[in-house]
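Q: Once you know that position 171 of the sequence shown is 328 in this note's numbering, the rest is easy, because the numbers rise by one and skip nothing.
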Amino acid sequence: MGGEGGLGGGAGGTGGAGGWLLGNGGAGGVGGIGLGPIAAGSGGIGGRALSLFGAPGATGSVGEHPAVLQVSQQQALDLLTTAPDVNFLLIGTDGTNLAGILADPAGTPNFHAFMQQSVTSASTIVGHTTISNPSWTTIQTGVWMETAGVSNNVFTPWTYDTWPTVYNQLEATWGDQINTTVIANGEGSTSGINTRIAGAGAFPADHIEFVPQVPGDTDWIATQNLVGIKTQAAILAAPSSQGNLIFASFAGVDNNAHQYGGDSPQYAAALRNLDYNLGKQLPTNMGGSGLLGAVADWEAAHPGEQWSTLVVTDHGEIGPDQFGRGHGFQSPRETATFLIFDQAGNDVRDGWINNSWQTVSTTPTILQQFNLMPPSYMQGAPLTAPVFDSTYVDPDNNLFRVLSATFAAQGYPDPVTNYALDSRTVAATIPYLVYGPIQNIVDAVPEFLQLPVSWVGAGIYQSLNIPAQIWCRLTGVTGNQIIPPILNPFYS
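#1: Return the bridge partner residues of Leu540 from the DSSP annotation.
#2: Kindly indicate the opening and closing residues of the beta strand (DSSP E) around Ser465.
#3: For Asp261, would you say it is in contact with chain C, using Cβ-to-Cβ distances shorter than 8 Å as the test?
#4: According to DSSP, is Gly257 part of a helix, a strand, or is it coil?
#5: Quick check on Ala279: does DSSP put it in helix, strand or coil?
#6: From Asp553, Gln463, Ala501 and Glu328, pick the residue whose C-alpha is nearest to that of Thr337; which is it?
#7: Name, in chain order, the residues that DSSP records as bridge partners for Ala625.
#8: Secondary structure at Asn637, three-state DSSP: helix, strand or coil?
#9: Tell me which residues share the same chain as Ala196 and place their Cβ nearer than 6 Å to its Cβ, disregarding the 5 neighbours each side in the sequence.
#10: Where Val544 and Gln525 are concerned, what is the direct C-alpha to C-alpha distance, given to the nearest angstrom?
#11: Cα separation between Thr352 and Leu556?
#12: Quick check on the DSSP output: what are the complete alpha helix (DSSP H) runs of length 4 or more inside the stretch 281-340, in order along the chain?
#13: Output yes or no for whether 8 Å exceeds the beta carbon distance between Asp499 and Gly400.
#14: Quick check: the Cα distance between Gly447 and Phe647, rounded to an integer number of angstroms?
#15: Going by the beta-carbon positions, is the gap between Ala453 and Gln463 smaller than 8 Å?
#16: Measuring CB to CB, does Asn267 end up less than 8 Å from Asn290?
#17: In angstroms with no decimal places, state the Cα-to-Cα distance between Thr507 and Leu255.
#18: Could you tell me whether the stretch 275-294 touches the stretch 467-484, where touching means 3 or more Cβ pairs closer than 8 Å?
#19: Can the beta-carbon of Ile587 be found less than 8 Å from the beta-carbon of Leu631?
#20: Going by beta-carbon coordinates alone, are Thr322 and Gly358 separated by less than 8 Å?
#21: Taking the alpha-carbon positions, what's the Ser346 to Pro369 distance?
#22: Going by C-alpha to C-alpha distance, which of Pro552, Gly616, Thr239 and Gln297 sits closest to Ser406?
#23: For Phe495, which of Gly502, Pro489 and His472 has the nearest alpha-carbon?
#24: Could I get the ranges of all uninterrupted alpha helix (DSSP H) runs contained in the stretch 406-451, with 4 residues as the minimum, in chain order?
#25: Is it true that the CB of Thr265 sits closer than 8 Å to the CB of Asp420?
#26: So which of Gln334, Phe367 and Gln326 has the shortest CA-CA distance to Gly343?
#27: Check whether the Cβ atoms of Val591 and Ile617 sit closer than 8 Å, and answer yes or no.
#28: Which same chain residues end up closer than 6 Å to Pro651 when comparing Cβ atoms and leaving out the 5 residues on each side of it in sequence?
#29: Assign Ala394 to one of three DSSP states: helix, strand, or coil.
#30: Which of helix, strand or coil does DSSP assign to Glu366?
#31: Does the distance from the CB of Gln334 to the CB of Ala270 come in under 8 Å?
#32: Hey, Ile510 and Val559: beta-carbon distance below 8 Å or not?
#33: Considering just the uninterrupted stretch of the alpha helix (DSSP H) at Asp499, what are its terminal residues?
#34: Looking only at its chain, what residues have a beta carbon closer than 6 Å to the beta carbon of Thr548, apart from the 5 residues adjacent to it on each side?
#35: Taking C-alpha atoms, which residue in Val469, Gln619, Tyr317 and Asn597 lies nearest to Ala279?
#36: Report yes if the C-beta distance between Thr295 and Ile340 is below 8 Å; otherwise report no.
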């Protein structure tokens, strides 16, 4: 078992690894003791299993929050500090190739202007799975999808009990002193990948809103705009008395790639629409617009306060329409990602490049901005960490040309890794393809039949899922559970 967290809400220690045969990972340590406005610390992460059939260790229990605690005067001063008055806008855009934006300066002027006031990374997730749920899990937990054990788009809620999300971390520490809001669209009528992740774990985001596809909106433009409108309203209504994290998640670009291909006119139009929703960071009475215009209006109404903004994607897209697949393998266009970070109050490296940044640094960056030290298990450093100081590049007046050249130079992984990742995607996709149809059948039958029908469906699904999870483990996914803790995911 991992050690206990310290005084003032520290997280418990990570549990030990399991044995090579059947041993499970050790349980995480108990969270640190809370005091006053400081919430008790979250439990430590369970240790990982080293065998195919071992399970990761359980997350440690939340620490105590006693009514009276004997502390020194200095400890009291430190512990009673309120949550930092920090504002952070995270913009996630699914399946977006920055190379396509760079190739269309006339159609994407806002992105081009934003890169000039930010630091940009022409990053890549080569060697990792290029599927949305695994990648968004990486972005919102700070660990790679292989560590988290996520290989396809089937939602596994237990993942986030072991690997807490950025919302879990912030809410567990600051509670009502911080506002966490997630607004996202996607396929489905009630939830999408990022709203499900936001609602997972012991301390979910405060406000979660799923925006379903607008009826008749085949190209997702109206749906994307609705996410933008709702996010602008959330920014303008953000309380200045609290810290604010707002995540706007746009899935329309990816959906157009699946429907028409990454080289299609519809995909190009979706990129321009994304640019429209990003907007221009000026007050709206001075020509500002979109999300950045809402940020500028809020800052004008609250002098002395600013927002940091980070734009990130989960993966890229192939050019042709190959049966609607879009991504999932290891071609350079599929593994291409990007981060564009405009840190509040820091203009020193505006227009620079840092290609050492990767998407796994998203959650550590947000935690650091809110004065939380990222847990040691996280696999990305904050974007502002000294480890990146030596990898900044000043492209002078060639920012867009250098970024385009970087994407053009990206390649495949080595043949062995390429084969392993491709085979993993194929194996993990098979149970995913039957998951939705089974759920639809269960939902369609009369209520008195739903339980038996769901178990029949669960038997079919697990007969495909368990072998797939074994193959995923053999290809480097260390955090998955071969036998899932929920055998029947179709009935609740």
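For each residue, glycine too, the CB sits at the ideal point set by N, CA and C.
A: Here's the rundown:
#1: The partner list for Leu540 (beta bridge, DSSP) is empty, contrary to what the question assumes.
#2: Trp464 to Val469
#3: You won't find chain C in this structure, because it holds only one protein chain.
#4: helix
#5: coil
#6: Glu328
#7: DSSP output for Ala625 lists no bridge partner at all.
#8: coil
#9: Here the model assigns Ala196 a pLDDT of 49, short of 50, so the residue's position is not dependable, and the following value carries that caveat. Around Ala196: Gly166, Ala329, Thr330 and Gly332.
#10: C-alpha separation (whole angstroms): 14 Å.
#11: Per the coordinates, the alpha-carbon of Thr352 lies some 34 Å from the alpha-carbon of Leu556.
#12: 289-298, 302-305, 316-319 and 323-331
#13: no
#14: Approximately 39 Å, taken between the alpha carbons.
#15: no
#16: no
#17: Per the sequence shown, the amino acid found at residue 507 is Asp instead of Thr. Computed Cα separation, rounded: 18 Å.
#18: Between the stretch 275-294 and the stretch 467-484, the count of C-beta pairs closer than 8 Å reaches three or more; the two stretches touch.
#19: Result no, Cβ atoms of Ile587 and Leu631 do not sit closer than 8 Å.
#20: yes
#21: 5 Å
#22: Gln297
#23: Checking every option, the nearest Cα to that of Phe495 belongs to His472.
#24: 409-417 and 422-435
#25: No, Cβ-Cβ distance for Asp420 and Thr265 is not below 8 Å.
#26: Phe367
#27: Yes, these two residues count as a Cβ contact at 8 Å.
#28: The question about residue 651 has no answer, for the chain in this structure spans 158 to 649.
#29: Three-state result, Ala394: coil.
#30: strand
#31: no
#32: Taking 8 Å as the Cβ cut-off, Ile510 and Val559 qualify as a contacting pair.
#33: Asp499 -> not in any alpha helix (DSSP H); beta strand (DSSP E) instead, spanning Leu496 to Asp499.
#34: Asn511 and Ser513
#35: Val469
#36: no
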